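S.K.: Sharing a structure with you now.
Number of protein chains: 2
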Amino acid sequence: MELEKRLLDGDKRACARLISMVENNNKEAISLIKKLYKHTGNAHVIGITGPPGGGKSTLTDKLVKSLRDEGKKVGIIAVDPTSPFTGGSILGDRIRMNDLSLDPGVFIRSMGTRGHLGGLSKATQGAVKILDIYGCDYIFIETVGVGQSEVDIVRTADTVLMIMVPGLGDDIQAIKAGTMEIGDVFAVNKSDLFGASKTAREIKTMLEMNHNMDRIPPVMQVTALKNEGIKELLNEIKGHMEYLKENDRLNKRRESNARAEIINLIEEEILSLILRKNESVGVLDDISQKVALRNMDPYTAKDEILRAIDL
Amino acid sequence: MELEKRLLDGDKRACARLISMVENNNKEAISLIKKLYKHTGNAHVIGITGPPGGGKSTLTDKLVKSLRDEGKKVGIIAVDPTSPFTGGSILGDRIRMNDLSLDPGVFIRSMGTRGHLGGLSKATQGAVKILDIYGCDYIFIETVGVGQSEVDIVRTADTVLMIMVPGLGDDIQAIKAGTMEIGDVFAVNKSDLFGASKTAREIKTMLEMNHNMDRIPPVMQVTALKNEGIKELLNEIKGHMEYLKENDRLNKRRESNARAEIINLIEEEILSLILRKNESVGVLDDISQKVALRNMDPYTAKDEILRAIDL
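Here the protein sequences come in this chain order: A and B. Per our numbering, residue 1 is the first one in the first sequence, and the count goes up by one each step. Per our numbering, residue 1001 is the first one in the second sequence, and the count goes up by one each step.
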């Protein structure tokens, strides 16, 4: 197949085309990933997340520029909420209007929540594989928001970079509680603002309280807009990969990521089976109506549908 | 069964006990919901969400107090991220130390993300049903964060109240894009702050641009801390229920919510089947290892496991 050869040769257009195909759940693209799966696993995959207003995209851009100075090939997947009002992903269009998008050594793609359940995670992970085969040394997955599904997407990375900022308001404790455990490296961005050292200290204290960890994640202070602390942060990210490569930790990590990915693929498949069955005989519609009218409870409904899809 | 009678009689302790049982996925509690499901559907279920720092819990408390003045019976489920560091849900303990928790006409429960996939949504929806049988006139589901799974939980409500605040920073556009379409009523909280009217106007403009809606959601300005605008907001929330009751809209809404709930229950069941199979023969562990080592691709892994669980 021509696309296969072009992807392995590092053809950017072929890469873009295949990622679009994966987004559309195209069978040919999935077959190609299956065939070339042995060519994956070389890239260092970095997930970036944190609360809204944290400056994730600016920080990602600076990290990428630093890697470009080293001659590395980089991919960025920005996971954005999509608005049905505008029909597109607002954020992606807004943030990436910079010189990175003109750099032939950088591949950038925004992915929106397309509405189909479980689909975004599948598309993101497919895109990571294609970028890996394409030859990226580093792949960034950047998500907006602090919700569980964003966390699920980001934790499929080798290294999770958690971005915090000083003075996030009342909910900072809650944000920390929800995301603290998934960070491998922490960055307090906008460290030129008042309270940055205090925030960094608080995070350190919380991390040190956790005796289950065999490695306490570093907490770095950076100011992405002024390009301050970027090199040091990048060194910590690379350092985390070195750490993983000791004592088979990288394999363990990737095993647990594979586990999550497989479960996600299974859920998506079951869902598509149900929807297909509904299209032919309306089983889900009928049963949902009964539940809404209180003629059947949802637990019985679940059993009936599992019987009906006849997996 | 004694618990059944006590719940139907409006016994608060029985209610609390049953919600804990549902959280622990207790079969007896599920059976009881199945049996008493016909007693649900009477409460007006209100989902409250919005970005961190929006003052959701304060606003919820004021709305609840206003309903209590009318003599209504109210339930609150606060969905919190749980930290493995502290072992409990930080937010729930922090915010509810007020007079509401002493009011016999108010039932408050915090629910944390317990770690098992899909479980939080199931527990929340089970708790809503119990509060409904218990006799609540209004049930609030309050979530922190703007992520997809929080949105999924909140949209199971009859009415979704979206909270915004002035000056949320750069990511406000993204937040709006991701959550705009699920709000039935909008509140700009902290409206004593600079920029509140502008934020309200922006939201109105975005909502009016959406020609798909047969009803443009109201945008209210409130200051929860000063108890300003609460009555008016509550009227809009009640107005939304009146709107739903016209032309069979409430049934349609509940049908689509039932649909989402059933799908969630199915996903959870499939997952528990896989995990049970893994416990006996390690099928998921083995296959994840192969995928991590690039000896099998995740799509083939999915097919193998679906064959192995033999649904």
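Backbone N, C-alpha and C fix where the C-beta goes; we use that ideal spot for every residue, glycine too. Small disclaimer: the values here were computed from a predicted structure and weren't measured.
1. On the DSSP bridge list, what partners appear for Ala-1301 of chain B?
2. Check for me: the beta strand (DSSP E) holding Ile-139 of chain A runs from which residue to which?
3. Taking its Cβ as the centre, do 16 or more other Cβ atoms sit within 10 Å of Phe-140 of chain A, making it buried, or is it exposed?
4. To which residues of the same chain is Val-1154 of chain B closer than 8 angstroms at the C-beta, ignoring the five residues directly before and after it?
5. Tell me the residue span of the beta strand (DSSP E) that contains Met-220 of chain A.
6. What does Gly-1041 of chain B touch in chain A if you count any residue whose Cβ is under 9 angstroms from its own?
7. Tell me the residue span of the alpha helix (DSSP H) that contains Met-1296 of chain B.
8. Examine chain A for any beta-carbon lying closer than 8 angstroms to the beta-carbon of Leu-1284 of chain B, and answer yes or no.
9. Do you know whose CA, among B:His-1240, B:Leu-1003, B:Ile-1262 and B:Met-1164, lies nearest Gln-1221 of chain B's CA?
10. How is Gly-115 of chain A classed by DSSP in three states: helix, strand or coil?
11. Need the endpoints of the alpha helix (DSSP H) that Glu-49 of chain A sits in, please.
12. According to DSSP, simplified to helix, strand and coil, what is Val-1165 of chain B?
13. Which chain A residues sit within Cβ distance under 8 angstroms of Ile-1274 of chain B?
14. In this structure, does DSSP put Arg-1215 of chain B in helix, strand or coil?
15. Determine which residues share a DSSP beta bridge with Thr-1159 of chain B and list them.
16. State yes or no: is the beta carbon of Glu-1028 of chain B nearer than 8 angstroms to at least one beta carbon in chain A?
17. Can you pull the chain B neighbours of Glu-269 of chain A, defined as C-beta to C-beta under 9 angstroms?
18. Give the interface partners of Tyr-1037 of chain B over in chain A, defined as CB-CB distance under 7 angstroms, in chain order.
19. Cβ of Val-1188 of chain B within 8 angstroms of Cβ of Thr-1199 of chain B?
20. Any idea what DSSP makes of Glu-228 of chain A, helix, strand or coil?
21. Which of the three DSSP states is assigned to Gly-1239 of chain B in this structure?
22. Could you give the first and the last residue of the continuous beta strand (DSSP E) run that contains Phe-186 of chain A?
23. Measure from the C-beta of Lys-245 of chain A to each C-beta in chain B and report whether the shortest distance is under 8 angstroms.
24. Please determine, among B:Met-1021, B:Glu-1028, B:Cys-1015 and B:Lys-1038, the residue with the shortest C-alpha to C-alpha distance to Asn-295 of chain A.
25. Hey, would you say Ser-1066 of chain B sits closer than 8 angstroms to Asn-1264 of chain B, going by beta carbons?
26. So with CB distances below 7 angstroms, who are the chain A contacts of Lys-1034 of chain B?
27. Indicate whether at least one CB of chain A lies closer than 8 angstroms to the CB of Ile-1287 of chain B.
28. Use the C-beta contact count for Arg-1259 of chain B: other C-beta atoms within 10 angstroms, 16 or more gives buried, fewer gives exposed.
29. Would you mind sorting Arg-109 of chain A into buried or exposed? The rule is 16 or more other CB atoms within 10 Å of its CB.
30. Please determine, among A:Glu-232, A:Lys-238, A:Ala-157 and A:Lys-12, the residue with the shortest C-alpha to C-alpha distance to Phe-107 of chain A.
31. Have a look at Ala-1301 of chain B and Leu-36 of chain A and give me their C-alpha separation to the nearest angstrom.
32. For Lys-1073 of chain B, report the span of its alpha helix (DSSP H) as first-last.
33. Got a sec: is the Cβ-Cβ distance from Ala-258 of chain A to anything in chain B below 8 angstroms?
34. Assess contact between the region 1214-1234 of chain B and the region 231-248 of chain A, defined as three or more Cβ pairs (one per stretch) separated by less than 8 angstroms. Is contact present?
35. Assuming Lys-1027 of chain B and Asp-297 of chain A are in contact, meaning their beta carbons sit under 8 angstroms apart, how far apart are those beta carbons, in whole angstroms?
36. Mind checking whether the beta-carbon of Leu-293 of chain A lies closer than 7 angstroms to any heavy atom of the ligand GTP?
M.R.: According to the data block:
1. For this step, residue 1301 of chain B is matched to residue 301 along the second sequence. Bridge partners of Ala-1301 of chain B: none, in fact.
2. By one-based count along the first sequence, residue 139 of chain A stands at place 139. Looking at the DSSP string, the run of the beta strand (DSSP E) that includes Ile-139 of chain A is 138-143.
3. Taking the first sequence and counting its residues from 1, one reaches residue 140 of chain A at position 140. When all chains shown are included, Phe-140 of chain A counts as buried.
4. Position 154 of the second sequence, counting from 1, holds the residue named residue 1154 of chain B. The residues are Gly-1047, Ile-1048, Thr-1049, Ile-1141, Thr-1143, Val-1160 and Ile-1182.
5. Working through the first sequence from its first residue, we reach residue 220 of chain A at position 220. Counting along the chain, the beta strand (DSSP E) containing Met-220 of chain A begins and ends at 219-221.
6. Locating residue 1041 of chain B in the second sequence gives position 41, where the first residue counts as 1. Here the neighbours are Ala-292, Leu-293 and Arg-294.
7. Residue numbering aside, residue 1296 of chain B sits at position 296 when the second sequence is read from its first letter. Unbroken run through Met-1296 of chain B: none, as it is neither H nor E.
8. If you number the second sequence from 1, residue 1284 of chain B lands on position 284. Chain A contact via Cβ: present.
9. On the second sequence, position 221 is the one that residue 1221 of chain B refers to. Closest option to Gln-1221 of chain B, Cα to Cα, is B:Met-1164.
10. If you number the first sequence from 1, residue 115 of chain A lands on position 115. Because the pLDDT of Gly-115 of chain A is 47, which lies under 50, any placement of that residue in the model is unreliable, and the question is left without a value.
11. Within the first sequence, residue 49 of chain A is the residue found at index 49, counting from 1. Residue 49 of chain A is actually Thr in this sequence, not Glu. From DSSP, Thr-49 of chain A is part of no alpha helix (DSSP H) but of the beta strand (DSSP E) over 44-49.
12. In the second sequence, the residue the question calls residue 1165 of chain B occupies position 165. It is coil, neither helix nor strand.
13. Here residue 1274 of chain B refers to the residue found at position 274 when the second sequence is read from its first residue. In chain order: Ile-263 and Ile-266.
14. Within the second sequence, residue 1215 of chain B is the residue found at index 215, counting from 1. Looking at Arg-1215 of chain B - three-state DSSP - the assignment turns out to be coil, as it is neither helix nor strand.
15. Here residue 1159 of chain B refers to the residue found at position 159 when the second sequence is read from its first residue. BP columns for Thr-1159 of chain B point to B:Ile-1046.
16. The residue labelled residue 1028 of chain B in the question sits at position 28 within the second sequence. So, not an interface residue.
17. Residue mapping note: residue 269 of chain A aligns to position 269 of the first sequence, counting from 1. Those are Lys-1302, Asp-1303 and Leu-1306, listed as they occur along chain B.
18. For the purposes of this step, residue 1037 of chain B is identified with residue 37 of the second sequence, where counting begins at 1. Ordered by position in chain A, the residues that pass the 7 angstroms Cβ test against Tyr-1037 of chain B are Arg-294 and Asp-297.
19. What you label residue 1188 of chain B is simply residue 188 of the second sequence in a count that begins at 1. What you label residue 1199 of chain B is simply residue 199 of the second sequence in a count that begins at 1. Against a cut-off of 8 angstroms, the Cβ pair of Thr-1199 of chain B and Val-1188 of chain B comes out as a contact.
20. As a working note, residue 228 of chain A is residue 228 in the first sequence. Reduced to three states, the DSSP call for Glu-228 of chain A is strand.
21. Sequence index remark: in the second sequence, residue 1239 of chain B carries index 239 (1-based). Helix, per DSSP.
22. Here residue 186 of chain A is taken as the residue at index 186 of the first sequence, counted from 1. Run containing Phe-186 of chain A: 185-188, per the beta strand (DSSP E) assignment.
23. Here residue 245 of chain A refers to the residue found at position 245 when the first sequence is read from its first residue. By this cut-off, Lys-245 of chain A is not an interface position.
24. Residue mapping note: residue 295 of chain A aligns to position 295 of the first sequence, counting from 1. Nearest option by C-alpha distance: B:Lys-1038.
25. As a first step, residue 1066 of chain B is located in the second sequence; it is residue number 66 there, counting from the start. As a first step, residue 1264 of chain B is located in the second sequence; it is residue number 264 there, counting from the start. For Ser-1066 of chain B and Asn-1264 of chain B, no; Cβs fall outside 8 angstroms.
26. Residue mapping note: residue 1034 of chain B aligns to position 34 of the second sequence, counting from 1. Within chain A, the residues near Lys-1034 of chain B are Asp-297, Tyr-299 and Thr-300.
27. Numbered from its first residue, the second sequence carries residue 1287 of chain B at position 287. It does; some Cβ of chain A falls within 8 angstroms.
28. As a working mapping, residue 1259 of chain B is identified with position 259 in the second sequence. Its Cβ being crowded by 16 or more others within 10 Å, Arg-1259 of chain B is buried.
29. Looking up residue 109 of chain A in the first sequence gives position 109. Burial call: buried.
30. On the first sequence, residue 107 of chain A is found 107 positions in, with the first residue counted as 1. Of the listed residues, the one whose Cα sits closest to Phe-107 of chain A is A:Lys-12.
31. Here residue 1301 of chain B refers to the residue found at position 301 when the second sequence is read from its first residue. Here residue 36 of chain A refers to the residue found at position 36 when the first sequence is read from its first residue. Between Ala-1301 of chain B and Leu-36 of chain A, the C-alpha separation is close to 15 angstroms.
32. In the second sequence, the residue the question calls residue 1073 of chain B occupies position 73. That residue, Lys-1073 of chain B, is in no alpha helix (DSSP H); it is neither H nor E in DSSP.
33. Numbered from 1 along the first sequence, position 258 holds the residue referred to as residue 258 of chain A. Yes, its Cβ sits closer than 8 angstroms to a Cβ of chain B.
34. no
35. Walking along the second sequence from the start, residue 1027 of chain B turns up at place 27. Walking along the first sequence from the start, residue 297 of chain A turns up at place 297. Not quite, the Cβ-Cβ distance comes to about 14 angstroms (not below 8 angstroms), so this is no contact.
36. Of ligands this structure carries none, so the ligand GTP is not represented either.
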